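**Q** Could you have a look at this structure, given as structure tokens, before my questions?
2 protein chains.
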Amino acid sequence: MDAAVYHGEGDIRVEEVPDPEIEEPTDAVVRITHTAVCGSDLWFYRGQRDYPTPGRVGHEPMGVVEAVGDDVTHLRPGDRVLAPFAISCGECEFCRKGLYTSCVEDEGWGGEHDGAQGEKVRAPYADGTLVRIPERYADDEDVLEAVLPLTDVMCTGHHAAVSAGVEAGDTAVVVGDGAVGLCGVLAAKRLGAERVIAMGHHENRLEIAEQFGATETVAARGEEAVERAKELTYGGANHVLECVGAESSMDTAFDVARPGGTVGFVGVPAGVEEAAFLGDAFGKNVALRGGVAPVRQYVDDLLADVLQGTLDPSPIFTKTVDLDGVPEGYRAMDERDAVKVLVKV
Amino acid sequence: MDAAVYHGEGDIRVEEVPDPEIEEPTDAVVRITHTAVCGSDLWFYRGQRDYPTPGRVGHEPMGVVEAVGDDVTHLRPGDRVLAPFAISCGECEFCRKGLYTSCVEDEGWGGEHDGAQGEKVRAPYADGTLVRIPERYADDEDVLEAVLPLTDVMCTGHHAAVSAGVEAGDTAVVVGDGAVGLCGVLAAKRLGAERVIAMGHHENRLEIAEQFGATETVAARGEEAVERAKELTYGGANHVLECVGAESSMDTAFDVARPGGTVGFVGVPAGVEEAAFLGDAFGKNVALRGGVAPVRQYVDDLLADVLQGTLDPSPIFTKTVDLDGVPEGYRAMDERDAVKVLVKV
């Protein structure tokens, strides 16, 4: 079968790899129909994060179950499924607690494991990891494209909003206009935020933020952006979603936070070397909550909303490629020609 | 009158300064009877933090009201009072919210303002800032020495415990065996923690931690200390009190935190330049809460406990000096000859 493989900075190739097989009785094999390229993939693509070479890539799998191991009880071949970017056994302390990303079983997608940007994957702990999409929707392309972001970015944006403590009637500031930031806007609105202020650098993305319910947008940079956001919030917001993971965005998030407020952070910290934000956190008693999003904890709720048509993150996909187009997908994301790339395998 | 004045690294002098006067109708003048030297004073004493030279020092005032301005309603000359290290108007959004350290009135002790290590201070916003000690206890020296830590370190340790989410039955780890860390142990026990594990480097201080209710102590350093604390907590603690503010202690706090746990931080960040702890915070979804302690919010509750004899942080004072002995007090703190120095003016 074919799959995308990372060979070094800027070098993604689609090439032949071995077909996956059931190795453990808790495994499933899934034929991928849809997947995506993630902003967090860009860190290794740009050589800013270590990654195995050659290394399989992609961590947003959606497809159809082809085979299941003997111990898999809630899935059958033919089931339409999606998987969070993290694998979870579903039974350990942390899975029981809803913190699926801290599952004691240390498995994942990509690297030395199978990657979602390929024809098939072996899915470990299938009962714990895979989420079944009801049969009624299994072949509805529009629904599937709205469901796909639940594998990562939509649940990640939701985690930012939940971690920032957003509740009905609140004012929230979202730092970042990438796919996660846009999903953060959707999530904050879904939680009932009265005002959502989206901060970013790209007019076309801030237009999507408005489509997603942002009541105001701030397109300025640096100090000017912070001042504008503070003006709009009469001195700072109690709920800030940090959806980038860069040093400047962390600093911005803590700068626009109101004393006593909370920053919900979900951007993979990349290049946050200096802890300058800590001074604001300390002086203003601004809490930092969040981290890698426990998608499995959120996906059932959000899936219900997508299926009933009240949640649709699919506009974040501004470009679609097939499996052979994955390298072009990375290029487009890297050069910001696309917000997020949908891969139809 | 005489007061201690900072003249540069390692140089504290007791010298003549102008007597304070009522300047605003909301002021009081307080004759200091007791104050202390704080671990956070060591940062400028060691030249590790900018500070005005010459600059008045001390931010833990306790004494007797000498005069009040026309608008002061709840204090009279002769009242025995203490003041938190932060001044608060008591009326703004943040004071109303209990976040007195973010009071919109930007006043403080020390620097260009009066410092507590002196014969008298002008206390701005006296109604909002000063806390009256009931007359019955006003001349009981033992009580007063147990009350004095409420001006800062006891409430700061309490803020660490509250911020870390400590509740009855919990297991808490306290990082740091300075006065704040020791008060953190007291605070965690007072909140009902079942196990309190104190981490530090000084046997004599860890003995005080045990006296304060620590069920276990870890005296090792670095990786060994982290491993020992993780062993004791079967993989990490849900509630960690960071009571130092150094880079290594922040890293330790996040390292010993259990996935999904919370670090309550109250050590003034000093020398935390690298944000290495952020990787743990992100990967394990460990929250960071706390900051500069809103003492005024806590002092009434804790004062009640001190007055009824169920809370006594006074063993942190391992050395007592008079006003002329303040320079020697700094030296003793700096060289770790004393945990905390009591100043009887």
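Quick mapping for you: the protein sequence lines, in order, are chains S and Y. First residue of the first sequence: 1, per the UniProt record's numbering; consecutive thereafter. First residue of the second sequence: 1, per the UniProt record's numbering; consecutive thereafter. Beta carbons: idealized from backbone N, C-alpha and C, even for Gly. As the structure is a computational prediction, the values presented were derived from the model and not from experiment.
1) Based on the DSSP secondary-structure assignment, which residues constitute the bridge partners of residue 6(Y)?
2) In terms of alpha-carbon separation, which member of 315(S), 324(S), 323(S), 344(S) lies closest to residue 338(S)?
3) Near residue 101(S), which residues of its chain fall below 6 Å by C-beta distance, leaving aside the five closest residues on each side in sequence?
4) Starting from residue 82(S), follow its DSSP beta bridges and name the residues at the other end.
5) Go ahead and label residue 168(S) buried or exposed: buried means 16 or more other beta carbons lie within 10 angstroms of its beta carbon, across all protein chains shown.
6) List, in chain order, every chain Y residue whose beta-carbon is nearer than 8 Å to that of residue 292(S).
7) With H, G and I counted as helix, E and B as strand and the rest as coil, what does DSSP make of residue 18(S)?
8) Measuring straight from C-alpha to C-alpha, what distance separates residue 107(Y) and residue 164(S)?
9) On the DSSP letters alone, give me the boundaries of the beta strand (DSSP E) that residue 195(Y) sits inside.
10) Find out if the Cβ-Cβ distance for the pair residue 52(Y), residue 115(Y) is shorter than 8 Å.
11) Smallest Cα separation from residue 190(Y): which of 313(Y), 43(Y), 8(Y), 244(Y)?
12) How far does the alpha helix (DSSP H) with residue 327(S) in it reach, from first residue to last?
13) Residue 296(S) to residue 134(S), Cα distance in whole Å?
14) In three-state terms, what does DSSP make of residue 304(Y)?
15) Who pairs with residue 288(S) in a beta bridge, going by DSSP?
16) Could you give the DSSP three-state label for residue 224(S): helix, strand or coil?
17) Look up residue 242(Y) in the DSSP assignment and give the residues it is bridged to.
18) Check whether the region 179 to 188 of chain S and the region 206 to 221 of chain S touch, using three or more Cβ-Cβ pairs below 8 Å as the test.
19) Taking the alpha-carbon positions, what's the residue 276(Y) to residue 288(Y) distance?
20) Check whether chain Y comes within 8 Å of residue 39(S), counting only Cβ atoms and requiring the distance to be less than that.
21) Kindly indicate which residue of 178(Y), 217(Y), 176(Y), 203(Y) has the alpha-carbon position closest to the one of residue 196(Y).
22) Select from 307(S), 335(S), 306(S), 125(S) the residue whose C-alpha is nearest the C-alpha of residue 319(S).
23) Compare the C-beta of residue 317(S) against all C-beta atoms of chain Y and say whether one is closer than 8 Å.
24) On the DSSP bridge assignment, give the partners of residue 270(Y) in chain order.
25) Closer than 8 Å, CB to CB, is residue 249(S) near chain Y or not?
26) Does the region 265 to 284 of chain S come close enough to the region 299 to 308 of chain S that 3 or more CB-CB pairs lie under 8 Å?
27) In terms of alpha-carbon separation, which member of 97(Y), 118(Y), 113(Y), 89(Y) lies closest to residue 104(Y)?
28) Can you tell which of 271(S), 249(S), 81(S) has its C-alpha closest to the C-alpha of residue 66(S)?
29) May I ask you to list the residues that DSSP assigns as paired with residue 342(S)?
30) Please identify, using Cβ separations under 8 Å, the residues of the UniProt domain "Alcohol dehydrogenase-like N-terminal" (25 to 134) of chain Y that lie next to chain S, in order along the chain.
31) Could you tell me whether any Cβ in chain Y is nearer than 8 Å to the Cβ of residue 273(S)?
32) From the DSSP output, in three-state form, read off residue 190(S) for me.
33) Between residue 305(S) and the rest of its own chain, which residues show a CB-CB distance below 6 Å, the 5 nearest in sequence each way excluded?
34) Are the beta-carbon atoms belonging to residue 244(Y) and residue 37(Y) less than 8 Å from one another?
35) Have a look at 61(Y), 333(Y), 262(Y), 283(Y) and flag the residue whose alpha-carbon is nearest the alpha-carbon of residue 162(Y).
36) When the cut-off is 8 Å and only beta carbons count, does residue 289(Y) lie next to chain S?
**A** Looking at the atomic coordinates:
1) 12(Y), 55(Y)
2) 315(S)
3) 86, 292, 294
4) 62(S), 131(S)
5) exposed
6) 282, 283, 285
7) coil
8) 30 Å
9) 195 to 199
10) no
11) 313(Y)
12) 326 to 334
13) 17 Å
14) helix
15) 263(S), 288(Y)
16) helix
17) 175(Y), 265(Y)
18) yes
19) 14 Å
20) no
21) 217(Y)
22) 335(S)
23) no
24) Partner(s): none; residue 270(Y) has no beta bridge.
25) no
26) no
27) 89(Y)
28) 81(S)
29) 36(S), 320(S)
30) 94, 97, 99, 101, 102
31) yes
32) helix
33) 311
34) no
35) 262(Y)
36) yes
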